Amino acid sequence: MKLFTDLYTSLDETTKTNEKIAAMRAYFEAAPAADAAWAVFFLTGRKPKQIIQAPKLAAWASETAGVPFWMFDESYDAVGDLAETMALLLPFGSTVTTRSLALWVEETLLPLRAVSEDVQRQVMVDSWQQMNDAQRFIWNKLITGAFRVGVSQQLVIRALSAYCGVDAKVIAHRMMGNWEPTAEFFQTLVSKETDDTDISRPYPFFLAYPLEAAPETLGDVTAWQSEWKWDGIRSQVIRRDDQVFIWSRGEELITDRYPEIVEDAMMLANGTVLDGEILGWKEANVLPFAQLQQRIGRKAVSKKLLSDVPVILMAYDLLEFAGEDWRDKPLSERRAMLTRLLMGFQSGTADSALVPSCQRISSRLRISPVVQAGSWEELASQRETARSLNVEGIMLKRLSSPYRVGRQRGDWWKWKVNPYTVDAVLIYAQRGSGKRASLYTDYTFGIWDKGALVPIAKAYSGLTDEEIRQVDLFVRQNTTDKFGPVRVVKPELVFELAFEGIQRSSRHKSGIAVRFPRMNRWRQDKPPQEADTIETIEGLLQE
Numbered sequence: 263m264k265l266f267t268d269l270y271t272s273l274d275e276t277t278k279t280n281e282k283i284a285a286m287r288a289y290f291e292a293a294p295a296a297d298a299a300w301a302v303f304f305l306t307g308r309k310p311k312q313i314i315q316a317p318k319l320a321a322w323a324s325e326t327a328g329v330p331f332w333m334f335d336e337s338y339d340a341v342g343d344l345a346e347t348m349a350l351l352l353p354f355g356s357t358v359t360t361r362s363l364a365l366w367v368e369e370t371l372l373p374l375r376a377v378s379e380d381v382q383r384q385v386m387v388d389s390w391q392q393m394n395d396a397q398r399f400i401w402n403k404l405i406t407g408a409f410r411v412g413v414s415q416q417l418v419i420r421a422l423s424a425y426c427g428v429d430a431k432v433i434a435h436r437m438m439g440n441w442e443p444t445a446e447f448f449q450t451l452v453s454k455e456t457d458d459t460d461i462s463r464p465y466p467f468f469l470a471y472p473l474e475a476a477p478e479t480l481g482d483v484t485a486w487q488s489e490w491k492w493d494g495i496r497s498q499v500i501r502r503d504d505q506v507f508i509w510s511r512g513e514e515l516i517t518d519r520y521p522e523i524v525e526d527a528m529m530l531a532n533g534t535v536l537d538g539e540i541l542g543w544k545e546a547n548v549l550p551f552a553q554l555q556q557r558i559g560r561k562a563v564s565k566k567l568l569s570d571v572p573v574i575l576m577a578y579d580l581l582e583f584a585g586e587d588w589r590d591k592p593l594s595e596r597r598a599m600l601t602r603l604l605m606g607f608q609s610g611t612a613d614s615a616l617v618p619s620c621q622r623i624s625s626r627l628r629i630s631p632v633v634q635a636g637s638w639e640e641l642a643s644q645r646e647t648a649r650s651l652n653v654e655g656i657m658l659k660r661l662s663s664p665y666r667v668g669r670q671r672g673d674w675w676k677w678k679v680n681p682y683t684v685d686a687v688l689i690y691a692q693r694g695s696g697k698r699a700s701l702y703t704d705y706t707f708g709i710w711d712k713g714a715l716v717p718i719a720k721a722y723s724g725l726t727d728e729e730i731r732q733v734d735l736f737v738r739q740n741t742t743d744k745f746g747p748v749r750v751v752k753p754e755l756v757f758e759l760a761f762e763g764i765q766r767s768s769r770h771k772s773g774i775a776v777r778f779p780r781m782n783r784w785r786q787d788k789p790p791q792e793a794d795t796i797e798t799i800e801g802l803l804q805e
């Protein structure tokens, strides 16, 4: 636990990438394998389900600290982070626990789920007494499920690669899918033996960056493959060992939710991995994402839902073929084989070496069509039709590019259509998390409907640090009411919101749901009376 606390401190004290990698590498060199496995688990954003509810933790910490609960509540309101508030108010701790991170998690934290509330309270009080202030803070973070520090999964992978000398791409692949944080897992993770692919394990996804300049700056248009940017569930379909597995980009196994895709994928040859987008698809058209959402959370899909929202896989890359990793091959070669496989598959004339069972046509495994254009101007013109096709824009992929790991600039770009925008009024505010825990940074915005403001979207990104501080001060000085952590503010500030999609929704008071909202700019030039109305939104729905 001491090593892990020291690692957190080192990571929290620097913004330099190389220093973060060096700190993690030093930790992996010093920590036992079981501790290192749990460190990887927490550093990459994984966490156990919350075991103890926050109000109970707050009450126990208040009692242990000997402060009245109203004072604890006021302190929490000022600090904005429960784990930090508890650590600050508890009596000074000088004892340093030498017990390992793995033992604290496996023998103390996880068993709390199966014991009574009285035992939970005693365990928490005992654990606080065995730790110093810094260790208590980390322990509280783990208990509340709020542990986060400024490293990405890619940075953890780079540190592991530097520690063990195994290629980062191999480390990333081993970390995909379901795994348990054990000593055995960590030893496999850093092993120099590389023939250990689990039959269900997906590959790390290659992610595109938003286009940062005019497309002409990318050079000759013929060096690029253009495709529609589909609005669905990014997925990998894996066919190995006579089984099919479907993984989402969020590393969730979603096989059971899409039985129609499984049925057709069973006809692929073993050792095939497709990358693509699961789309709602009906009568030769892509369905709005809102309809596809009905299937996302369902582990058991009814016959009615299968009929109402049928799905396809719109495949655009081939990551594994005949059991061989194809990611280092150029896109042009991967695409050619994908076309040979799926176009033949769909026509019922597939090469038997590629698809051993093609007695019927597959309508559910499709290849994402290339958007043909002889110039960037012609491609820009086609991009303008994206919304009418229910797509988000165009993907640009360098034909010579390998399939990389994670989000990297240079080879894959997303050229999205311009977002929808509306001017809305700030009506509610809530504190952020992590380094923003003491600032009001999470906002709810309203638009006018029959003279009243109705909520239309929540957003927390898009402002500069200075603007955040100004809005935070406004919230503190203009709160008119509060419920729980939410503050109701005077409706005076107007912001231009940008969002990618819009649809009707019976779940929202406004009757409208928007997708991926963010703050485009602060409209300090506009009074709240001039913010947009529900009629404005209705007009966007007709576009």
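Just so it is clear: in the sequence shown, position 183 is 445 by our numbering, and no numbers are missing. Cβ atoms here follow ideal geometry from the backbone N, Cα and C, with glycine treated the same way. What you are looking at is a predicted structure, and each value in this text was computed from that prediction instead of being measured.
Where does Asp504 land, buried or exposed, given buried means 16+ other C-beta within 10 angstroms? As a first step, residue 504 is located in the sequence shown; it is residue number 242 there, counting from the start. So Asp504 ends up on the exposed side.
Rounded to a whole number of angstroms, what is the C-alpha to C-alpha distance between Ala543 and Met657? Taking the sequence shown and counting its residues from 1, one reaches residue 543 at position 281. Taking the sequence shown and counting its residues from 1, one reaches residue 657 at position 395. For the sequence presented, residue 543 should be read as Trp rather than Ala. Approximately 20 Å, taken between the alpha carbons.
Measuring alpha carbon to alpha carbon, tell me which of Tyr702, Thr741, Gly708, Asp711 ends up nearest Glu728. Here residue 728 is taken as the residue at index 466 of the sequence shown, counted from 1. Selected option, being the one with the closest Cα: Tyr702.
Straight-line Cα distance separating Asn440 from Phe303: Numbered from its first residue, the sequence shown carries residue 303 at position 41. Numbered from its first residue, the sequence shown carries residue 440 at position 178. Near 11 Å, if we compare the C-alpha coordinates of Asn440 and Phe303.
What's the call for Ala793, buried or exposed, on a 16-neighbour Cβ count within 10 Å? As a first step, residue 793 must be located in the sequence shown, where it is residue number 531. That one is buried.
Reduced DSSP secondary structure (H/G/I, E/B, other) of Thr816: This structure cannot speak to residue 816, because the chain is shown only from 263 to 805.
Taking Cβ to Cβ, would you say Ala598 is nearer than 8 Å to Ser488? Here the question's residue 598 lines up with position 336 in the sequence shown. Here the question's residue 488 lines up with position 226 in the sequence shown. No. Outside cutoff.
Can you give me the C-alpha to C-alpha distance between Arg622 and Arg628, rounded to a whole angstrom? If you number the sequence shown from 1, residue 622 lands on position 360. If you number the sequence shown from 1, residue 628 lands on position 366. Residue placement at Arg622 is flagged as unreliable, the pLDDT there being 39, under the threshold of 50; the coordinate-derived value follows with that caveat. So the two alpha carbons sit approximately 14 Å from each other.
Beta-bridge partners of Glu758, as assigned by DSSP: What you label residue 758 is simply residue 496 of the sequence shown in a count that begins at 1. For Glu758, the pairing in a beta bridge is given by DSSP as Asp685, Arg783.
Is Ala470 helix, strand or coil by DSSP? Looking up residue 470 in the sequence shown gives position 208. DSSP places Ala470 in coil when its eight states are reduced to three.
Do Thr326 and Trp390 count as a contact pair if the criterion is CB distance below 8 Å? By one-based count along the sequence shown, residue 390 stands at place 128. By one-based count along the sequence shown, residue 326 stands at place 64. Contact flag set, yes.
Span of the beta strand (DSSP E), counted from its first residue to its last, around Ile774: As a working note, residue 774 is residue 512 in the sequence shown. 774–777 is the span of the beta strand (DSSP E), which, as asked, contains Ile774.
Limits of the alpha helix (DSSP H) - the one that Lys318 falls within: One-based indexing of the sequence shown puts residue 318 at position 56. Segment 316–327, the alpha helix (DSSP H) holding Lys318.
Pick helix, strand or coil for Ser614, following the three-state DSSP scheme. For the purposes of this step, residue 614 is identified with residue 352 of the sequence shown, where counting begins at 1. Note on Ser614: pLDDT 49, under 50, position unreliable in the model; no value is reported.
Touch check for the segment 771–785 and the segment 754–762: three-plus C-beta pairs under 8 Å? Counting Cβ pairs under 8 Å, three or more are found: they touch.
How is Trp244 classed by DSSP in three states: helix, strand or coil? The shown model of the chain, from 263 to 805, leaves out residue 244, and the question about it has no answer.
Given Arg375, which residues of its chain have a CB within under 6 Å of its CB, disregarding the five upstream and five downstream residues? Looking up residue 375 in the sequence shown gives position 113. Once the five neighbours on either side are set aside, the close Cβ partners of Arg375 are Ile313.
Helix, strand or coil at Thr267 according to DSSP, with G and I counted as helix: For the purposes of this step, residue 267 is taken as the residue at position 5 of the sequence shown. DSSP places Thr267 in helix when its eight states are reduced to three.
Between the beta-carbon of Pro790 and the beta-carbon of Val750, is there less than 8 Å? Residue 790 sits at position 528 when you count from the first residue of the sequence shown. Residue 750 sits at position 488 when you count from the first residue of the sequence shown. No, the pair does not count as a contact, with Cβ atoms beyond the cut-off.
Sequence-distant residues of the same chain with beta carbon closer than 7 Å to Tyr520, five excluded per side: Position 258 of the sequence shown, counted from the start, is the residue given in the question as residue 520. Once the five neighbours on either side are set aside, the close Cβ partners of Tyr520 are Ile508, Ile540, Val573.
Would you call Trp675 buried or exposed, if buried means 16 or more other Cβ atoms sit within 10 Å of its Cβ? Mapped onto the sequence shown, residue 675 falls at position 413. With 16 or more other Cβ atoms inside 10 Å of its own Cβ, Trp675 counts as buried.
How would you call Thr479, buried or exposed, if buried means at least 16 neighbouring beta carbons within 10 angstroms? Within the sequence shown, the letter at position 217 stands for residue 479. By the neighbour-count criterion, in which 16 or more other beta carbons inside 10 Å mark a residue as buried, Thr479 falls on the exposed side.
In chain order, what are the residue ranges of uninterrupted alpha helix (DSSP H) at least 4 long that sit wholly in the segment 420–447? 430–436
Using 10 angstroms around the beta-carbon of Ser614, count the other beta-carbons present and answer buried if the total reaches 16, otherwise exposed. Looking up residue 614 in the sequence shown gives position 352. Any reading at Ser614 must be qualified, since the residue scores a pLDDT of 49, below 50, and its modelled position is unreliable; the value itself is stated next. With fewer than 16 Cβ atoms within 10 Å of its Cβ, Ser614 is classed as exposed.
Could you check whether Leu451 and Leu422 sit closer than 8 Å to each other, using their CB atoms as the reference points? Counting from one through the sequence shown, the residue named residue 422 turns up at place 160. Counting from one through the sequence shown, the residue named residue 451 turns up at place 189. Cβ atoms of Leu422 and Leu451: closer than 8 Å.
Give me the Cα-Cα distance between Asp343 and Ser695, rounded to the nearest whole angstrom. To locate residue 343, count along the sequence shown from 1; it is residue 81. To locate residue 695, count along the sequence shown from 1; it is residue 433. Cα to Cα, Asp343 sits roughly 7 Å from Ser695.
Separation of Ser700 from Trp300, as counted between CA atoms: Numbered from its first residue, the sequence shown carries residue 300 at position 38. Numbered from its first residue, the sequence shown carries residue 700 at position 438. Roughly 28 Å separates the two Cα atoms.
Is Val367 near the ligand ADP, going by C-beta to nearest heavy atom under 7 Å? The ligand ADP is absent from the structure shown, which contains no ligand whatsoever.
Quick one: measure Cβ to Cβ for Ala847 and Leu352, integer angstroms, because I've assumed they're closer than 8 Å. An answer regarding residue 847 cannot be provided, because it is not within the stretch 263 to 805 covered by the chain.
Which residue's Cα is closest to the Cα of Ala295: Gly407, Cys426, Val411? The residue given as residue 295 occupies position 33 in the sequence shown. Closest option to Ala295, Cα to Cα, is Cys426.
DSSP three-state call for Thr306: helix, strand or coil? The residue given as residue 306 occupies position 44 in the sequence shown. Coil at Thr306, not helix or strand.
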